[in-house]
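Here's the structure, in structure tokens; my notes come after.
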Amino acid sequence: MATANKMIQQAMQKSAVVTTGKPALQQYIKQMEREIKKALPSVITPERFTRIVLSALSTNPKLAETTPQSFLGAMMTAAQLGVEPNTPLGQAYLIPYRNKGVMECQFQLGYKGLIDLAYRSGEISIIQAQVVYSEDDFAFSFGLEPTLKHIPTASKRGEPVFVYAVFKTKEGGYGFEVMSIEEIRAFAQKYSKTYDNGPWQTNFEEMAKKTVLKRVLKYAPLKTEFLRGLAQDETIKQEISDDMYLVQPTVVEDVVSVDSATGEIIQNEL
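Right, dumping it as structure tokens:
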């Protein structure tokens, strides 16, 4: 394991740039191309990943204000998971937070990134989440013979009332979870530090789907590696390791939001 500070010092020796501001972070990214290549799975090339991170840094000014340690930690977490941060794909996000007076970068897994990881586990044949509206034909029951029926109305579907997630394994097993909109809001208000001014406000339905998906996947027969990856969601890392899963996260306080549909940072007052 190597700390972020050590790698940053090595990058500084090579690039001879200051340790704050966007130019320095861009240099660190370029100097760490070997580490990025080592961390990435085959689903994305190092060149593409590097371009995506540099683009995120140039298009979202608040990211340039985050500490090198936390930015590189979030970047390497995304690399190890093989998800594209801050793109329209919605796989993952690098989000600037003011944490105890210091701007830091948090890694956040997106709804589509969660689905991608589930498929990559090799055990899931179908996984999806859907929003149910008040005019849809919807019914479900639990017990020894659980049932789920959803027929969307063609038009004028009304207000969202439920969100459900389903999975089916390659062996034929399946499961589903249903949460009402009220349950989801209560859950988010209790557990999410970003509820009032984060993606819960800019893209509620996507965050709701992610919440229900994470709940249903607790019952799926998934490998430990997938569960370790899932645990990286909404973390800030201050170190870099050959295995980012081993790096303990820090506590998050205040937030600058991101639009989870576009990956663009929303400028809140800090």
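Numbering-wise, the sequence shown is residues 1210 to 1479 according to my numbering. Yeah, the Cβ is synthetic: ideal placement off N, Cα and C, and Gly gets one too.
Buried versus exposed call for residue i [16 or more other C-beta atoms within 10 Å across all chains shown]
i            : result
residue 1395 : exposed
residue 1335 : exposed
residue 1288 : buried
residue 1400 : exposed
residue 1386 : buried
residue 1248 : buried
residue 1353 : exposed
residue 1374 : buried
residue 1391 : exposed
6 Å CB neighbourhood of residue i in its chain, flanking five on each side removed
i            : result
residue 1182 : In the structure displayed, the chain extends from 1210 to 1479; residue 1182 sits before or after that span and is not available.
residue 1342 : 1366, 1367, 1369
residue 1456 : 1446, 1448, 1450
Boundaries of the alpha helix (DSSP H) in which residue i is found, first to last residue
i            : result
residue 1411 : 1408-1411
residue 1278 : 1277-1290
residue 1261 : 1255-1268
residue 1325 : 1320-1329
residue 1435 : 1433-1439
residue 1248 : 1242-1248
Spatial neighbours of residue i in its chain, beta-carbon cut-off 7 Å, leaving aside the 5 residues before and after
i            : result
residue 1266 : 1231, 1234, 1235, 1272, 1273
Supposed close pair residue i, residue j - CB separation, criterion 8 Å
i            : j            : result
residue 1259 : residue 1242 : 6 Å
residue 1291 : residue 1250 : 4 Å
Residue i and residue j closer than 8 Å at C-beta
i            : j            : result
residue 1298 : residue 1283 : no
residue 1449 : residue 1458 : no
residue 1439 : residue 1418 : no
residue 1261 : residue 1293 : yes
residue 1358 : residue 1371 : no
residue 1178 : residue 1316 : In the structure as shown, the chain starts at 1210 and stops at 1479, and residue 1178 therefore has no counterpart that could be examined.
residue 1321 : residue 1300 : yes
residue 1388 : residue 1340 : no
residue 1447 : residue 1278 : yes
Residue-chain proximity (residue i, chain B), Cβ-Cβ < 8 Å
i            : result
residue 1376 : Judged by its chain identifiers, the structure shown contains no chain B, having just a single protein chain.
Residue span of the beta strand (DSSP E) that contains residue i, given as start and end
i            : result
residue 1375 : 1369-1378
residue 1358 : 1356-1360
residue 1384 : 1383-1389
residue 1519 : In the structure displayed, the chain extends from 1210 to 1479; residue 1519 sits before or after that span and is not available.
residue 1450 : No beta strand (DSSP E) holds residue 1450; DSSP gives it neither H nor E.
residue 1346 : 1346-1350
Same chain, Cβ closer than 8 Å to residue i, neighbours up to 5 away in sequence not counted
i            : result
residue 1333 : 1327, 1376, 1377, 1378, 1379, 1429, 1431
residue 1454 : 1289, 1437, 1438, 1440, 1441
residue 1414 : 1340, 1369, 1372
The ligand ADP heavy atom lying under 7 Å from the CB of residue i
i            : result
residue 1372 : Among the components modelled here there is no ligand, and therefore nothing to report on the ligand ADP.
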